[in-house]
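*Asks:* Per my numbering, residue 15 is the first one in the sequence shown, and the count goes up by one each step. Heads up, the beta-carbon is just placed ideally off N, CA and C, and yes, glycines get one too. Before I ask anything, let me first share the structure, which is written out below as structure tokens.
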Amino acid sequence: MSIDKDNSSSDINFTSSHLKISLDKSTFQIKRAQSLQNIEKFWTEQAKNLVWNKYWDKTLEWNPPFAKWFVGGLVNASINCLDKHINSEIKNKAAIIWEGENGENITLTYYQLYQKVNQFSNALKNLGIRKGDRVTIYLPMVPELPIAILACSRIGAIHNVIFSGFSSTALVDRINDAKSKIIITADGGFRRGNIIELKKIVDEAIINTPSIQNVIVLRRTGNHIEMRGKDVWWHEIIQNQSSYCEPELIESIHPLFILYTSGTTGKPKGVVHSTGGYLTHIYSTAKWVFDFNQQDIFFCTADIGWITGHSYIVYAPLMHGVTEILYEGTADYPHPDRYWSFIEKYGITILYTTPTALRMYMRYGNEIPNSFNLSTLRLLGTVGEPINPEVWMWYFTIIGKEKCPIVDTWWQTETGGIMISHCTGIDIMPMKPGSAMFPVPGVDLAVVNEEGNTLPQNQKGYLVIRKPWPGMLMTLWEDDGKYKNNYWKFQNYYYFTGDYAIIDDELYFWLLGRSDDVIKISGHRLGTIELESTFISHESVAEAAVTSKPDRIKGESIIAFLVLKKDFVESDQLRKEIIEHIRNNIGAIATPNEVYFVDRLPKTRSGKIMRRLLKSVVSGLTIGDTTTLEDGTSIKEIQKIYNDLNDIIKNK
Ligand code: WT7
């Protein structure tokens, strides 16, 4: 493998040890070009790799912007993840190897997982859960989390997983929007040696969630909790349940799950994914990107509370019958060596993680990863945010020892599965550190200007998706209007991703961050407007403006400017209180890094917050291109606002 260090784009070629690949004649580019000639035909072929109870009548029904894939087809996700394997040679193979934060571990074979899922499906049915009902899941990263998800999918209940780091207010919003009948939680979860009292958070939440009929509680920590009227223990409700539950026949277009994500509006959006299209997309992309084989030990470090965990921990790896590692804790607790030690301990072959985790590990130096045997690795992946070329190089050399291809995968909660990546299962292509490379087959991406017209190569613009794809969200839960407004503002029904991108001379895609009011903290998605509303909900805050600035580890960090109500005086104590308020109302991931008190917010004459100006000030950039968009406000005025804010930041 050669690295051309003099070349500014520093392509990394696998060509020295492989045959020479000409970019446009590679198997990959040919396959991609063919797929785009007829996407319906292409995806029909892919869908046939799944187990269907009944084939579909129509591959795609496209009533823009609503897509229905494999209409008339019947397909069950749990059959594809479990039943399919139990009459095969992998019946007794490890499906999940779970490692707890305190070093405990549990291995579940495909057959054992199958039995547990069946049992829990029966328990859910016994509590009155039926096809179409919503089930909220609020669990730490323990095997019962995928078990609960798969049980829902078996009986056709729509799961709604909420990341266990979210607060009770976040739970209330999501449960009420989805009108869940049941919430599944635990007596607690371990996080950095502490117990997070999940049950208490749920108790607080369900006072305000009338739809909840029962709370299922998993015993995890042994922590003392109070059991109330609606509460039932997980271990009690599965007692005496048969280890077989007849799977429901599920229409391909029946929702498999709702997953809430932050956007440009105040409230999180309930992204709805279908069953047949979604499963087809993630099954196919897992094959192309990770090139799964039966010897693989796959470790995706995401939390199942996010889309990465749904698609590439729960569903795709199990559909492919690989063995995967599930880890309860964080990357650096109790030591900053967790991922490397697991690679050695379990012989992991594929690591799929975030740039934030890699930046954190890089800071501790090379000695730690060098002290572990990482030779089993064959492929490295990243997701969630752009990866800096230096971090990419570190991953490639120190972790992959220059022998593992890297897959930098770009996608979103809404896309269901990977959309841009190096497809190592199709072709190993020359890599460019920092580029996510090419759209996967069967998806059509482009970069356009404000008017929605396709831009020439090498010009920065908005990344859009020009044709429907099977993993595409169906809508936002019970809000078709918001779905239309959020994603379909461009002509010709081009899906608006919210990202900036460039396509280079050789058709490589480079992702350049968000173009909207969404920020990515450690790869997690938060909306500035959602944050501002939460600030304002504190009794002392009259107005709030939130922006972000680059952060060496987390990618971005949150900066807030607040105007206090008349009767409140700024103080460090008040600042702490407000930060605590954010943590309690969203979760620890939303903790602001800096909070400034100001007399008034930087606004244009028409009253809009000058977001670009804020970004320039906090990032130490010049006023430069912020001037163009501020309607009617003079450069002088803007300069003054900029200087005032700059003083406040400097004098803090
Ligand atoms: C946003 C989606 C995809 C699952 C996890 C995040 C950013 C995601 C990359 C990447 C550059 C990336 C984009 C995207 N993003 N992957 N490889 N390179 N940026 O899902 O929380 O829905 O966030 O994450 O900005 O729009 P999400």
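(1) Kindly list the residues whose CB is nearer than 7 Å to the CB of Asp20, restricted to its own chain and excluding five residues on each side of it in sequence; keep chain order.
(2) Tell me whether Asp513, by its Cβ, gets closer than 6 Å to a heavy atom of the ligand WT7.
(3) Under 7 Å between the Cβ atoms of Ile53 and Lys666?
(4) Since Trp11 is in the beta strand (DSSP E), which residue starts that stretch and which ends it?
(5) Alpha carbon to alpha carbon, how far is Leu615 from Thr548?
(6) Decide if Thr642 is buried, meaning its Cβ has at least 16 other Cβ atoms within 10 Å, or exposed.
(7) What does a CB cutoff of less than 8 Å around Leu33 pick up in its chain, not counting 5 residues either side in sequence?
(8) If contact is defined by three or more beta carbon pairs under 8 Å, each pair taking one atom from either stretch, is the region 507-519 in contact with the region 581-594?
(9) Taking 6 Å as the limit between beta carbons, can you name the residues of its chain near Leu263, skipping five residues before and five after?
(10) Candidates Leu391, Gln471 and Leu138: which alpha carbon is nearest Trp248's?
(11) Count the other CB atoms within 10 Å of the CB of Asp147; is the residue buried (16 or more) or exposed (fewer)?
(12) Quick test of your reading: Pro403 and Pro444, contact by CB under 8 Å. State the CB separation rounded to the nearest angstrom.
(13) Helix, strand or coil, according to DSSP, for Leu469 in the structure here?
(14) Does at least one heavy atom of the ligand NAD sit under 6 Å from the Cβ of Glu399?
(15) Would you say the beta carbon of Leu490 is closer than 6 Å to some non-hydrogen atom of the ligand WT7?
(16) Rank Thr370, Asn140, Asp310 and Ile321 by C-alpha distance to the C-alpha of Ser256 and give the top, closest one.
(17) Please name the residue in Val286, Lys417 and Gly203 whose C-alpha comes closest to that of Gly236.
(18) What would DSSP say about Leu96, mapped onto helix, strand or coil?
(19) Return the first residue and the last residue of the beta strand (DSSP E) that Phe510 is part of.
(20) Measuring CA to CA, which of Ile401, Arg377 and Gly414 is closest to Asn387?
(21) Using 8 Å as the threshold, is the region 174-193 in touch with the region 123-130, meaning 3 or more CB pairs across them?
(22) Taking 7 Å as the threshold (C-beta atoms), are Asp310 and Met357 in contact?
(23) How about Thr278: is its Cβ closer than 6 Å to a heavy atom in the ligand WT7?
(24) Taking C-alpha atoms, which residue in Thr370, Gly361 and Ile120 lies nearest to Val397?
(25) Please tell me whether, using a cut-off of 6 Å, the distance from the CB of Trp424 to the nearest non-hydrogen atom of the ligand WT7 is below it.
(26) Looking at C-alpha atoms only, which residue of Asn599, Val631, Asn598 and Ser620 is the closest neighbour of Phe575?
(27) May I ask you to check if the CB of Arg377 is nearer than 6 Å to at least one heavy atom of the ligand WT7?
(28) Assuming Asn94 contacts Leu64 (C-beta within less than 8 Å), just tell me the rounded distance between them.
(29) For a quick check, are the C-beta atoms of Cys259 and Asn136 less than 7 Å apart?
(30) Quick check: is any heavy atom of the ligand WT7 less than 6 Å from the C-beta of Arg597?
(31) Of the residues Phe80, Val454, Ile543 and Phe304, which one's Cα is nearest the Cα of Val532?
*Replies:* Looking at the coordinates:
(1) Reading the sequence shown from its first residue, position 6 is the one you call residue 20. Low confidence applies to Asp20: its pLDDT is 39, below 50, so where it sits in the model is not reliable, and the reading given next is rough at best. Result list for Asp20: empty, nothing under 7 Å.
(2) The residue given as residue 513 occupies position 499 in the sequence shown. Yes; taking the cut-off as 6 Å, the Cβ of Asp513 has a heavy atom of the ligand WT7 nearer than that.
(3) By one-based count along the sequence shown, residue 53 stands at place 39. By one-based count along the sequence shown, residue 666 stands at place 652. For Ile53 and Lys666, no; Cβs fall outside 7 Å.
(4) The displayed coordinates of the chain run from 15 to 666. Any statement about residue 11 would go beyond what the structure contains.
(5) Stepping through the sequence shown from its first residue, residue 615 is reached at position 601. Stepping through the sequence shown from its first residue, residue 548 is reached at position 534. Distance between the alpha carbons of Leu615 and Thr548: 17 Å.
(6) On the sequence shown, position 628 is the one that residue 642 refers to. Legend: pLDDT at Thr642 = 49, less than 50; position of this residue unreliable, no value from coordinates given.
(7) Mapped onto the sequence shown, residue 33 falls at position 19. Because Leu33 sits at a pLDDT of 39, beneath the cut-off of 50, its placement in the model cannot be relied upon, and the following sentence gives the value as read from the coordinates. If we look at Leu33 and ignore the five residues flanking it on each side, it has no Cβ neighbours.
(8) Short answer: they don't touch.
(9) Residue numbering aside, residue 263 sits at position 249 when the sequence shown is read from its first letter. So the list reads Asn67 and Leu88, once near-sequence residues are dropped.
(10) In the sequence shown, the residue the question calls residue 248 occupies position 234. Taking only the C-alpha atoms, the option nearest Trp248 is Leu138.
(11) Mapped onto the sequence shown, residue 147 falls at position 133. Asp147 is buried by the Cβ-count criterion.
(12) Against the sequence shown, residue 403 aligns to sequence position 389. Against the sequence shown, residue 444 aligns to sequence position 430. Between Pro444 and Pro403 the Cβ distance is about 15 Å, and since that is not below 8 Å, they are no contact.
(13) The count along the sequence shown starts at 1 and reaches residue 469 at position 455. Leu469 falls in the coil class under three-state DSSP.
(14) Ligands present in the displayed structure are limited to the ligand WT7, and the ligand NAD is not among them.
(15) Within the sequence shown, numbered from 1, the residue matching residue 490 stands at position 476. For the ligand WT7, no non-hydrogen atom lies closer than 6 Å to the CB of Leu490.
(16) Taking the sequence shown and counting its residues from 1, one reaches residue 256 at position 242. Of the candidates Thr370, Asn140, Asp310 and Ile321, the one whose C-alpha sits nearest the C-alpha of Ser256 is Asn140.
(17) Residue numbering aside, residue 236 sits at position 222 when the sequence shown is read from its first letter. The residue from Val286, Lys417 and Gly203 with its alpha-carbon nearest to that of Gly236 is Gly203.
(18) As a working note, residue 96 is residue 82 in the sequence shown. The answer is helix: DSSP assigns Leu96 an H, G or I state.
(19) Sequence index remark: in the sequence shown, residue 510 carries index 496 (1-based). Tyr509 to Ile517 is the extent of the beta strand (DSSP E) around Phe510.
(20) As a position in the sequence shown, residue 387 is number 373, starting the count at 1. Comparing alpha-carbon positions, the option among Ile401, Arg377 and Gly414 lying closest to Asn387 turns out to be Gly414.
(21) Taking a cut-off of 8 Å for Cβ pairs, the region 174-193 and the region 123-130 do not touch, as fewer than three such pairs fall below it.
(22) For the purposes of this step, residue 357 is identified with residue 343 of the sequence shown, where counting begins at 1. For the purposes of this step, residue 310 is identified with residue 296 of the sequence shown, where counting begins at 1. In the sequence on display, residue 357 carries Ile and not Met. Taking 7 Å as the Cβ cut-off, Ile357 and Asp310 do not qualify as a contacting pair.
(23) Locating residue 278 in the sequence shown gives position 264, counting from the first residue. False, no ligand heavy atom lies under 6 Å from that Cβ.
(24) Along the sequence shown, read from residue 1 onward, the residue named residue 397 stands at position 383. Per the Cα distances, Thr370.
(25) Within the sequence shown, the letter at position 410 stands for residue 424. Trp424 Cβ: within cutoff of the ligand WT7.
(26) As a first step, residue 575 is located in the sequence shown; it is residue number 561 there, counting from the start. Of the candidates Asn599, Val631, Asn598 and Ser620, the one whose C-alpha sits nearest the C-alpha of Phe575 is Val631.
(27) As a first step, residue 377 must be located in the sequence shown, where it is residue number 363. The beta carbon of Arg377 sits no closer than 6 Å to any heavy atom of the ligand WT7.
(28) Translated into positions along the sequence shown, residue 94 becomes position 80. Translated into positions along the sequence shown, residue 64 becomes position 50. Yes, Asn94 and Leu64 are in contact; Cβ-Cβ is about 6 Å, under 8 Å.
(29) Within the sequence shown, numbered from 1, the residue matching residue 259 stands at position 245. Within the sequence shown, numbered from 1, the residue matching residue 136 stands at position 122. A contact, by the Cβ cut-off of 7 Å.
(30) As a first step, residue 597 is located in the sequence shown; it is residue number 583 there, counting from the start. The answer is no for Arg597.
(31) Position 518 of the sequence shown, counted from the start, is the residue given in the question as residue 532. Nearest option by C-alpha distance: Ile543.
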